[in-house]
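Visitor: Quick one: the structure is below, and I'll ask about it shortly.
Numbering (our numbering), first residue to last: 186 to 944.
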């Protein structure tokens, strides 16, 4: 240390006298006035926020996110408030007083107008409480207990599904539905849903729940052109709304969901779906304590009566309108509610001349032969359909004697067995699948089968315990498939269906055009005998596929739809090779012999090349003829139905005949219609490419090495040489019965048409 005295100046406490370089260093070496670890200009105790770098710079901070959300909430709230102030409750729209729809033939001439809207308003007090509760159980169980006019979740769901193209969704409150029915429209758009919600909220403030519910009951559509609960009560049960029972009210409430899907009279095949919906309504009433469990247990399904349409739909007009409405609904073009708003101009594919020809053919060959002196003639009904194979256009449709007298269309109903007009599909399937008999012989028109009456069908493992009878219990012995088709031998075709495989036969029928959901289209040997309940129109589509060499496209009934001058887009028809041309043409070749010398000879009067097949349903409840020329496929069915009870009845004694079979009046009617329909058209010949071994006189020898069947020189191959006895092998012995050397799988004993020799 130095002994020299220190000479530092005193420290200025204000710091004013300090200058750079003269500050006194601290013990740590820091400059005075600075804290360790702190940058100049930062407040004591605050840490600096690190800068955001890289991808983090693209992510908004939580402050930004929160601010944006709050801004959106304010913006949406302001928009809702503005919309609420600007949107007023409008006057009733046009749908509250629906316009007429006009139905036209293909040439533009008018078929019918359905503009007479059936509506009668009633007071809510006139509607029985149980009926009110049924509607609430079906549509909005919380209507009276919930003050909200809008189901926000359902509205958002419906809006989202509309935007994303997923179709419409239910869930709207009764208030919303009333607003849509009375003030807005049926279009499914986000804007309409928004307006609906705003108007519903306002209406909920201005009207009572009872007023809204009353309006809803008076404007809702129930089908059968009935608007409102009173019109529906009359349309379905022929009574005033005050007289409706709980069961009837529940059925009418069920219709609100989908009128065309739950009318069990217009569409008997809808009964299962209608009953499920009806049960849903009643069970909801029990759940809400509007109906006791004891009352529910004793409630029975109330089948409604037949409709009583206006005279404007008399004759064939009503059947055509009904078929067109079903077509538009099933194809997703226009649903029943939308169509019911009116104003649509619908041009069908129906040809007026051919339609008139069909009506005349039925009148001349069937209805003119009925007599009031014969009880059985009261039960006679006729259905018919005609399709152009190349285009799929339905050119004629016969639904019954008069829509105002017989409401159910016999052309589109699916509750009668088709009988043996189904058999050609078995042969087609055999060719498609290159099928063989149980003993390995390939199935062709010349394959020999045992036609013994009530012969038990044999499977790969033995007897199936199914033994169908031939018509009049005739034993045919050993016959070819061609002859079995001519004579419609049940025992042969049941065995052939088993040989091909019932599931494969079913697949072929569906490929040809029979709907997959056809009642009783069961994969069992009996499928060959026509236990399925396809409609006349279904069968016409399938036969049109055969006529078009195996190309299938869905039938077309509507060519054009417009409203207010704007054309509505229709689905484009597409075709595909459903079965091979060889399979279809082989079937056509065999069906030609049915007309030339089999059970369908009455069809020869058509005067041009034609093929066809006769058919008779179980207990002779229906008789069919299905056939085609190269340019027109048509089907005629005569059915028996009690006009009072609706029960199917045998046709014994009808038209003055011991029995009505497909080769009689159905074939005669078919020929009369087809001759008139094609009178001005040039005669066309069939251009067929049949499968090998299918021509008459061909002998199919199975190659053992290729197919695992019998040797060509063995006695199991039929000999068709002039010296051979029909139905015998070269050595004179009978060929082996198909399947007799195998054991059996039981396919199940399924009932089949009785006495079905002509079909």
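In this text, a Cβ means the ideal position worked out from N, Cα and C, and glycines have one as well.
What three-state label does DSSP hand residue 766 in the structure shown?
Guide: Reading the chain shown from its first residue, position 581 is the one you call residue 766. Correct three-state label for residue 766: helix.
Visitor: By alpha-carbon positions, which one of 642, 609 and 834 ends up nearest to residue 622?
Guide: Position 437 of the chain shown, counting from 1, holds the residue named residue 622. Considering only alpha carbons, the answer is 642.
Visitor: Rounded to whole angstroms, what is the Cα-Cα separation between residue 740 and residue 723?
Guide: Residue mapping note: residue 740 aligns to position 555 of the chain shown, counting from 1. Residue mapping note: residue 723 aligns to position 538 of the chain shown, counting from 1. Taking the straight line joining both Cα atoms gives about 9 Å.
Visitor: State the beta-bridge partners of residue 824 as determined by DSSP.
Guide: The count along the chain shown starts at 1 and reaches residue 824 at position 639. Its beta-bridge partners are 566 and 807.
Visitor: Are the beta-carbon atoms belonging to residue 539 and residue 508 less than 9 Å from one another?
Guide: Position 354 of the chain shown, counted from the first residue, corresponds to residue 539. Position 323 of the chain shown, counted from the first residue, corresponds to residue 508. Against a cut-off of 9 Å, the Cβ pair of residue 508 and residue 539 comes out as no contact.
Visitor: Provide the residue span of the alpha helix (DSSP H) that contains residue 395, from first to last.
Guide: Looking up residue 395 in the chain shown gives position 210. Start and end: 394-404.
Visitor: Using DSSP with H/G/I as helix, E/B as strand and the rest coil, what is residue 532?
Guide: Translated into the one-based positions of the chain shown, residue 532 becomes position 347. Three-state result, residue 532: strand.
Visitor: What residues match up with residue 675 in a beta bridge as DSSP calls it?
Guide: Here residue 675 corresponds to residue number 490 of the chain shown, with the count starting at 1. The partner list for residue 675 (beta bridge, DSSP) is empty, contrary to what the question assumes.
Visitor: Beta carbon of residue 481, beta carbon of residue 403: below 9 Å?
Guide: Taking the first residue of the chain shown as position 1, residue 481 is located at position 296. Taking the first residue of the chain shown as position 1, residue 403 is located at position 218. The answer is no: Cβ separation not under 9 Å.
Visitor: Where do the N-terminal and C-terminal ends of the beta strand (DSSP E) with residue 661 fall, by residue?
Guide: As a working mapping, residue 661 is identified with position 476 in the chain shown. Neither: residue 661 is in no beta strand (DSSP E) and is coded neither H nor E.
Visitor: Could you check whether residue 869 and residue 815 sit closer than 9 Å to each other, using their CB atoms as the reference points?
Guide: Here residue 815 corresponds to residue number 630 of the chain shown, with the count starting at 1. Here residue 869 corresponds to residue number 684 of the chain shown, with the count starting at 1. Yes; because the gap between Cβ atoms is below 9 Å, this pair is in contact.
Visitor: Please state if the CB of residue 800 and the CB of residue 847 are separated by a distance shorter than 9 Å.
Guide: Your numbering for residue 847 matches position 662 in the chain shown. Your numbering for residue 800 matches position 615 in the chain shown. In contact: residue 847 and residue 800 (Cβ atoms closer than 9 Å).
Visitor: Taking the beta carbon of residue 425 as the centre, do at least 16 other beta carbons fall within 10 Å, making it buried, or is it exposed?
Guide: Reading the chain shown from its first residue, position 240 is the one you call residue 425. Counting Cβ neighbours within 10 Å, residue 425 comes out exposed, since fewer than 16 surround it.
Visitor: Just reading off the alpha helix (DSSP H) that residue 753 is part of, what are its end residues?
Guide: Stepping through the chain shown from its first residue, residue 753 is reached at position 568. That residue, residue 753, is in no alpha helix (DSSP H); it is neither H nor E in DSSP.
Visitor: How long is the line joining the alpha carbons of residue 410 and residue 860, rounded to whole angstroms?
Guide: For the purposes of this step, residue 410 is taken as residue 225 along the chain shown, with counting starting at 1. For the purposes of this step, residue 860 is taken as residue 675 along the chain shown, with counting starting at 1. Taking the straight line joining both Cα atoms gives about 38 Å.
Visitor: Could you compute how far the alpha carbon of residue 512 sits from the alpha carbon of residue 743?
Guide: In the chain shown, residue 512 corresponds to position 327, counting from 1. In the chain shown, residue 743 corresponds to position 558, counting from 1. Each residue's alpha carbon lies about 8 Å from the other.
Visitor: Look up residue 485 in the DSSP assignment and say whether it is helix, strand or coil.
Guide: In the chain shown, counting from the first residue as 1, residue 485 sits at position 300. Coil, per DSSP.
Visitor: Count the other C-beta atoms from every protein chain shown that fall within 10 angstroms of the C-beta of residue 699, then say buried if there are 16 or more, exposed otherwise.
Guide: Along the chain shown, one-based indexing puts residue 699 at 514. Buried.
Visitor: Starting from residue 583 and walking both ways along the beta strand (DSSP E), at which residues does that stretch end?
Guide: For the purposes of this step, residue 583 is taken as residue 398 along the chain shown, with counting starting at 1. Residue 583 -> beta strand (DSSP E) spans 579-583.
Visitor: Examine the Cβ distances between the segment 703-714 and the segment 671-691 and report whether three or more of them are shorter than 8 Å.
Guide: yes
Visitor: If contacts are defined as beta-carbon pairs under 8 Å, then residue 575 and residue 441 qualify, I think. What distance do you get, rounded to the angstrom?
Guide: On the chain shown, position 390 is the one that residue 575 refers to. On the chain shown, position 256 is the one that residue 441 refers to. Actually they are not in contact, since the Cβ atoms of residue 575 and residue 441 sit about 42 Å apart, beyond 8 Å.
Visitor: Please return the same chain residues whose Cβ sits closer than 6 Å to the Cβ of residue 194, not counting the five positions on each side in sequence.
Guide: Stepping through the chain shown from its first residue, residue 194 is reached at position 9. Because residue 194 sits at a pLDDT of 46, beneath the cut-off of 50, its placement in the model cannot be relied upon, and the following sentence gives the value as read from the coordinates. Once the five neighbours on either side are set aside, residue 194 has no close Cβ partner at all.
Visitor: To the nearest angstrom, report how far apart residue 329 and residue 477 are at their CA atoms.
Guide: Within the chain shown, residue 329 is the residue found at index 144, counting from 1. Within the chain shown, residue 477 is the residue found at index 292, counting from 1. Distance between the alpha carbons of residue 329 and residue 477 is about 20 Å.
Visitor: Helix, strand or coil for residue 894, going by three-state DSSP, please let me know.
Guide: The sequence position of residue 894 within the chain shown is 709, counting from 1. The predicted model places residue 894 with a pLDDT of 38, which falls under 50 and marks its position as unreliable; any figure quoted below should be read in that light. Note: residue 894 maps to coil in three-state DSSP.
Visitor: Does the beta-carbon distance from residue 446 to residue 316 come in below 9 Å?
Guide: As a working note, residue 446 is residue 261 in the chain shown. As a working note, residue 316 is residue 131 in the chain shown. Not in contact: residue 446 and residue 316 (Cβ atoms no closer than 9 Å).
Visitor: Since residue 363 and residue 536 should fall inside the 8 Å C-beta cutoff, what is the C-beta to C-beta distance between them, to a whole number of angstroms?
Guide: Residue 363 sits at position 178 when you count from the first residue of the chain shown. Residue 536 sits at position 351 when you count from the first residue of the chain shown. Rounded, the Cβ-Cβ distance is 44 Å, inconsistent with contact.
Visitor: State the CB to CB distance for the pair residue 726 and residue 572, rounded to an integer number of angstroms; the pair is presumed to be in contact (CB under 8 Å).
Guide: The residue labelled residue 726 in the question sits at position 541 within the chain shown. The residue labelled residue 572 in the question sits at position 387 within the chain shown. Contact flag correct, Cβ pair sits at about 6 Å.
Visitor: DSSP beta-bridge partners for residue 737?
Guide: Taking the first residue of the chain shown as position 1, residue 737 is located at position 552. According to DSSP, which records beta bridges pairwise, residue 737 is partnered with 761.
Visitor: Let me check one thing: in DSSP terms, what residues is residue 303 bridge-paired to?
Guide: Within the chain shown, residue 303 is the residue found at index 118, counting from 1. In the DSSP output, where bridge partners are listed per residue, residue 303 has 411.
Visitor: Quick one: Cα of residue 729 to Cα of residue 599, how far?
Guide: For the purposes of this step, residue 729 is taken as the residue at position 544 of the chain shown. For the purposes of this step, residue 599 is taken as the residue at position 414 of the chain shown. About 19 Å.
Visitor: Inspect the beta-carbon positions of residue 631 and residue 667 and report whether they are closer than 9 Å.
Guide: Translated into positions along the chain shown, residue 631 becomes position 446. Translated into positions along the chain shown, residue 667 becomes position 482. Contact flag set, yes.
Visitor: With 16 other CB atoms within 10 Å as the buried threshold, where does residue 569 fall?
Guide: The residue given as residue 569 occupies position 384 in the chain shown. Buried: at least 16 other Cβ atoms inside 10 Å.
Visitor: Can you name the start and end residues of the beta strand (DSSP E) that residue 298 belongs to?
Guide: One-based indexing of the chain shown puts residue 298 at position 113. For residue 298, the enclosing beta strand (DSSP E) begins and ends at 295-298.
Visitor: Are at least three pairs of beta-carbons, each pair with one atom in the segment 394-402 and one in the segment 447-455, less than 8 Å apart?
Guide: no
Visitor: So what's residue 575 in DSSP terms, helix, strand or just coil?
Guide: If you number the chain shown from 1, residue 575 lands on position 390. Residue 575: coil per DSSP, three-state reduction.
Visitor: Indicate whether residue 636 and residue 674 have their beta-carbon atoms separated by less than 9 Å.
Guide: On the chain shown, position 451 is the one that residue 636 refers to. On the chain shown, position 489 is the one that residue 674 refers to. Going by C-beta atoms, residue 636 is nearer than 9 Å to residue 674.
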